[in-house]
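Below: one structure, written as structure tokens.
Numbering (full-length UniProt numbering), first residue to last: 1 to 355.
As structure tokens, this is what we get:
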């Protein structure tokens, strides 16, 4: 049985539906990321789990207990906010100890637990400091330790890294994942940053207009997006219009080239002459041949962007602008704007997009 269950969860604010028919089952110790643009409902779902919002419909269970109408202070949940929310008049030690004091824990036990938490976040030497004396990354580590100190059943993280600069953000997200694995705590992480979601999660929930468009592992979400929204929101995507030639053979025609699209064989309601949308990730396109079964399209280089490990070539292919990533290696020559190139891809890498 799943540890955290959300069944047909819904939330309305007046006439506006923020969340509708949301279902999710989370295993104990699993790390789940809610990913989506602003206004998609991800934070509303998190707040309903926490008990800060009351669902308009649906059921929330933690363990074998239904908590749908239970007050937030009785759900045994740890929460970390984007804004740190530390008490400015308390030291690091007292901030971490706050929840333990409220719970009535003995002073000696509090001291042991606080020092345990400070060691976990590697801030033992800063126990006597105040929030204004620390960096943003250090403050967020303290907020994490405070949330974990009372041993919550579930940890909720509401965009905890968005206020930090890029370098600190990467370091802290790795720390969050390390600590989560070390403690084995069930965690729900809200973010609009696809790199964050894909890099540290066991599963990702991509949300769109109050619903879960797709739930899956990071690899599934990226490599096999279920909807057009997921495909466009996660990563960079090149899309092409193609005409179905022979559905039974999965044969299509695009820019004068005929080739088979394996994904088409799984679609039932397709007839010869239908127009479909094909998609390819930049890394599946190349300016060097992949193999004997390559599909090759002529193009013209528009621009090249050096991105460190890869060079992103912008080109016009089949009447539209596309992005193609090539690995940066010693001696790699960047194509020049205006140069004619052949763009190669394997038909097996083609995604077939649904609405």
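For every residue, glycine included, the Cβ atom is placed at its ideal position computed from N, Cα and C.
Of the choices 91, 338, 273, 311, whose alpha-carbon is the least far from that of residue 330? 311
Which of the three DSSP states is assigned to residue 31 in this structure? strand
Residue range of the unbroken alpha helix (DSSP H) whose run includes residue 346: Per DSSP, residue 346 belongs to no alpha helix (DSSP H); it is in the beta strand (DSSP E), 340-346.
Roughly how far, in whole angstroms, is the beta-carbon of residue 168 from the beta-carbon of residue 136, given that I think they are within contact range, below 8 Å? 7 Å
Can you tell me whether DSSP reads residue 333 as helix, strand or coil? coil
Looking at C-alpha atoms only, which residue of 235, 224, 225 is the closest neighbour of residue 196? 235
Which residue wins for smallest C-alpha separation from residue 257, given the options 306, 347, 248? 347
Sub-8 Å separation of residue 210 and residue 40 beta-carbons: yes
May I have a chain-ordered list of the alpha helix (DSSP H) segments no shorter than 4 residues that lie completely inside the stretch 131-168? 136-148
The stretch 96-107 contacting the stretch 165-183, beta-carbon criterion three pairs below 8 Å: no
Would you decide whether residue 112 is buried or exposed? Buried here means 16 or more other CB atoms lie within 10 Å of its CB. exposed
Residue 325 to residue 283 span [Cα, whole Å]: 5 Å
Would the stretch 335-344 count as touching the stretch 293-309 if we require 3 or more Cβ pairs under 8 Å? yes
Would you kindly work out how many angstroms separate the C-alpha atoms of residue 233 and residue 88, rounded to a whole number? 38 Å
Determine the extent of the alpha helix (DSSP H) in which residue 111 is found, giving its start and end residues. 107-120
Taking the beta carbon of residue 132 as the centre, do at least 16 other beta carbons fall within 10 Å, making it buried, or is it exposed? exposed
Report the rounded CA-to-CA distance for residue 114 versus residue 157, giving the unit in angstroms. 20 Å
Assuming residue 10 is part of the beta strand (DSSP E), what are its boundary residues? 4-13
Take residue 93 and list the residues in its own chain whose beta-carbon comes closer than 7 Å to its own, dropping the five residues that flank it on each side. 114, 127, 128
In angstroms, rounded to a whole number, what distance separates the CA positions of residue 300 and residue 274? 28 Å
Once you ignore the five residues that flank residue 225 on each side, which residues in its own chain have a CB closer than 6 Å to its CB? 231
Where does residue 312 fall in DSSP's three states? strand
Does the separation of the CB atoms of residue 247 and residue 263 fall below 8 Å? no
Return the first residue and the last residue of the alpha helix (DSSP H) that residue 92 is part of. 92-102
Hey, how far is the Cα of residue 31 from the Cα of residue 191? 13 Å
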